[in-house]
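Novice: Structure in structure tokens, see below.
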Amino acid sequence: MYAKKIAALATASMLVLAGCSSTSTSEEGNQGSTMSSSTPKASGAGGEVGVFTWWADGSEAKGLQALEKMFAEKYPHDRFKNLAVAGGSGSNAKAKLASDLKNGNPPGSFQGHAGAELTDYIDNEQIEPVDGIIKELGGESVFPKTLVDRLTVDGHIYSVPVDIHRANVVWANSALLKKAGVTKTPTDVKGWIADMEKVKASGVATPLSIGGTWTQTELFESILAADMGADGYNKLFTPDGAWDSPEVKAAIEDYKKALTFTNTASDGDDWPAATDMMASGKAVYNVMGDWAVAEFDMKGKKYNVDYTAFAVPGKEVVYDFLADSFTLPTGTKNPEVTKDWLRFVGSTDAQLTFNKIKGSIPARTDVKPDGFSTYQQAAMKDFKEVPIVSSIAHGAAVSLAWSSEINTAMSKFYQDKNADNLASALVAAHDKYGK
Ligand code: GAL
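According to our numbering, the sequence shown is numbered sequentially starting from 777.
Structure follows, in structure tokens:
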């Protein structure tokens, strides 16, 4: 099955994200240049493209607004229509999208995660290959092979990636860490939990903030990958994946322990409130994808001053990967204008502008790191150097149906904290969707 294609990057050196000062990197010289006139030519058809995302509010919307503005400048004959539906990780949007697609009312293009999530749409013949556009944009000479592999199903590519996000980032409040006397980055989950004890003893009632179900799934997958390492974690998504192993059970126990340090959350709580708890000093830690950077920027919080960041620590440092990409829906009204949108989001111009705002790194390797934040430059370096694992919560590792079953199990676990039940539910989900 598709899950077999999940691969890990070279396991060269381990760069801990925390405090890494990456002003310039030796790879920059190999990255070619960002040309000012890099937007591909429009088809000339002209017309409207309705773009469906979940980047509807707050910091989420800012990157999309920048894309909209630039698209109007570069493709004056085309019109962008914003069809965003609010709710982090597409928690509301995906249901609306599924019904629109089922009812034969596809948007011009929709946001989907590179990887297993796309297989649902492909199997249902709801999206079409975009091989020609990827080729026009430079193919494997500009998109990393690890990403192209995740986008390719039966020899075809079904979406154009606009960014690469990292999900397994611990954001930490610098002042509260200092107050608690935590001066070192922990080297494994147990060490991190010991630091949570310390910060609790220093008077912080909520060491770790969480949001609703998908944020809990993201925290769990980050602990799972940290405890098991890239190879162990990646194997879980192959047909032989041993979800009943002692390693998975140990990770569940670590996760259970981490939950004893959190606020109380409801299933539907969105991510910005949890991230803001860390930024405003109500919590010390929050685990969230690096779209959180856009939220911190909006609140005027500075990396390495107000907050710091490190990958959830464990066996080795891993990059829990996901990429937002845009699709060509089958039967869309104006496919030529959709193709213009895809050419645009895949261009260096769009990726430079969008990713600087979004907190992500460009999917293209020929966008220079110059002008990106210190955090993002460190993420670019890590993406090249540390092993890659695929996110569960954000559709890179598992299909929509599989992730929804995992989310149901996580939500139950949040209520009953029964590790055996969670382990059995994870095994059952793999039996059903991962074999
Ligand atoms: C992810 C998406 C990110 C960000 C996040 C929070 O699924 O890939 O771009 O939007 O959800 O909503």
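Glycine included, every Cβ here is placed at the ideal spot set by N, Cα and C.
Does DSSP classify residue 974 as helix, strand or coil?
Specialist: Correct three-state label for residue 974: helix.
Novice: Would you report the Cα separation of residue 1074 and residue 841, rounded to the nearest angstrom?
Specialist: Approximately 14 Å, taken between the alpha carbons.
Novice: If I follow the unbroken beta strand (DSSP E) through residue 726, where does it start and stop?
Specialist: Residue numbering for the chain in the displayed model covers 777 to 1211; residue 726 lies beyond these limits and cannot be assessed.
Novice: Within the same chain, show all residues whose beta-carbon is closer than 7 Å to that of residue 788, passing over the 5 residues directly before and after it, in chain order.
Specialist: Because the pLDDT of residue 788 is 25, which lies under 50, any placement of that residue in the model is unreliable, and the question is left without a value.
Novice: Whose C-alpha, out of 892, 895, 1178, 870, is nearest the C-alpha of residue 883?
Specialist: Residue 883 has its Cα closest to that of 870, out of 892, 895, 1178, 870.
Novice: Based on the DSSP secondary-structure assignment, which residues constitute the bridge partners of residue 888?
Specialist: Paired residue(s): 1101.
Novice: For residue 801, which residues from the same chain have a beta carbon less than 6 Å from its beta carbon, with the 5 sequence-adjacent residues on both sides left out?
Specialist: Confidence at residue 801 is low in this model, with a pLDDT of 28, below 50, so the placement of that residue should be treated as unreliable; the coordinate-derived value is given next. The answer, listed in chain order, is 1157.
Novice: Could you spell out the range, first to last residue, of the alpha helix (DSSP H) harbouring residue 1206?
Specialist: 1195 to 1209 is the span of the alpha helix (DSSP H), which, as asked, contains residue 1206.
Novice: Any idea what DSSP makes of residue 940, helix, strand or coil?
Specialist: Here residue 940 sits in strand by DSSP.
Novice: What number of angstroms, rounded off, separates the C-alpha of residue 806 from the C-alpha of residue 1187?
Specialist: Residue placement at residue 806 cannot be trusted, given a pLDDT of 29 that sits under 50; what the coordinates show is reported in the next sentence. Roughly 45 Å between the two C-alpha positions.
Novice: Going by the C-beta, is residue 904 closer than 7 Å to any heavy atom of ligand 1?
Specialist: No, the Cβ of residue 904 stays beyond 7 Å of every heavy atom of ligand 1.
Novice: Just how far apart, CA to CA, sit residue 980 and residue 952?
Specialist: Each residue's alpha carbon lies about 8 Å from the other.
Novice: Apart from the five residues just before and just after residue 1131, which ones in its own chain have a Cβ nearer than 7 Å to its Cβ?
Specialist: If we look at residue 1131 and ignore the five residues flanking it on each side, its Cβ neighbours are 939, 1137, 1138.
Novice: Any heavy atom of ligand 1 closer than 7 Å to the CB of residue 836?
Specialist: Checking the Cβ of residue 836 against ligand 1 gives yes.
Novice: Pick from 955, 1169, 1195: whose alpha carbon is nearest that of residue 1001?
Specialist: Comparing Cα-Cα distances from residue 1001 to each of 955, 1169, 1195, the minimum goes to 1169.
Novice: How big is the Cα-Cα spacing for residue 1121 and residue 937?
Specialist: If I take the Cα positions, the gap works out to 8 Å.
Novice: DSSP state of residue 1138, grouped into three classes?
Specialist: Looking at residue 1138 - three-state DSSP - the assignment turns out to be strand.
Novice: Across the region 1107 to 1116 and the region 922 to 937, are there enough close Cβ pairs to call them in contact, namely three or more that are closer than 8 Å?
Specialist: No: the two stretches stay apart, fewer than three of their Cβ pairs being nearer than 8 Å.
Novice: Between residue 865 and ligand 1, is the CB less than 7 Å from at least one heavy atom?
Specialist: It does: the Cβ of residue 865 is within 7 Å (strictly closer) of some heavy atom of ligand 1.
Novice: With 16 other CB atoms within 10 Å as the buried threshold, where does residue 1081 fall?
Specialist: Exposed, since its Cβ has fewer than 16 Cβ neighbours within 10 Å.
Novice: Let me check understanding here. Comparing Cα to Cα, which of 1021, 1127, 915 lies closest to residue 1206?
Specialist: Minimum Cα distance to residue 1206 is reached at 1021.
Novice: At a cut-off of 7 Å, would you count residue 830 as near ligand 1, judging by its Cβ distance to the nearest heavy atom?
Specialist: Yes.
Novice: Per the contact definition of three or more C-beta pairs closer than 8 Å, is the region 822 to 838 in contact with the region 1084 to 1092?
Specialist: These segments do not touch.
Novice: Is it buried or exposed for residue 1050, if we count other Cβ within 10 angstroms and need 16 for buried?
Specialist: Label assigned to residue 1050: buried.
Novice: For the alpha helix (DSSP H) containing residue 1052, name the first residue and the last one.
Specialist: Looking at the DSSP string, the run of the alpha helix (DSSP H) that includes residue 1052 is 1047 to 1055.
Novice: Since residue 1038 contacts residue 985 with CB under 8 Å, what's their CB separation in whole angstroms?
Specialist: Correct: roughly 7 Å between the Cβ atoms.
Novice: Under a three-way DSSP split, which group does residue 1001 fall into?
Specialist: It is helical.
Novice: Taking just the CA atoms, how far does residue 933 sit from residue 956?
Specialist: Each residue's alpha carbon lies about 49 Å from the other.
Novice: I'd like to confirm the pairing. Which residues does DSSP put opposite residue 903 in its beta bridges?
Specialist: Bridge partners of residue 903: 1105.
Novice: The beta strand (DSSP E) with residue 948 in it runs from where to where?
Specialist: Where residue 948 is concerned, the enclosing beta strand (DSSP E) stretches over 945 to 949.
Novice: Do you know offhand how far residue 810's Cα is from residue 1148's?
Specialist: For residue 810, the predicted structure reports a pLDDT of 35, less than 50, and the residue's modelled location is therefore unreliable. The matter cannot be settled from this model.
Novice: Does the beta carbon of residue 1100 fall short of 7 Å from some heavy atom of ligand 1?
Specialist: Correct: residue 1100 has its Cβ closer than 7 Å to ligand 1.
Novice: Report the partner residues of residue 1086 according to the DSSP bridge assignment.
Specialist: Partner(s): 946.
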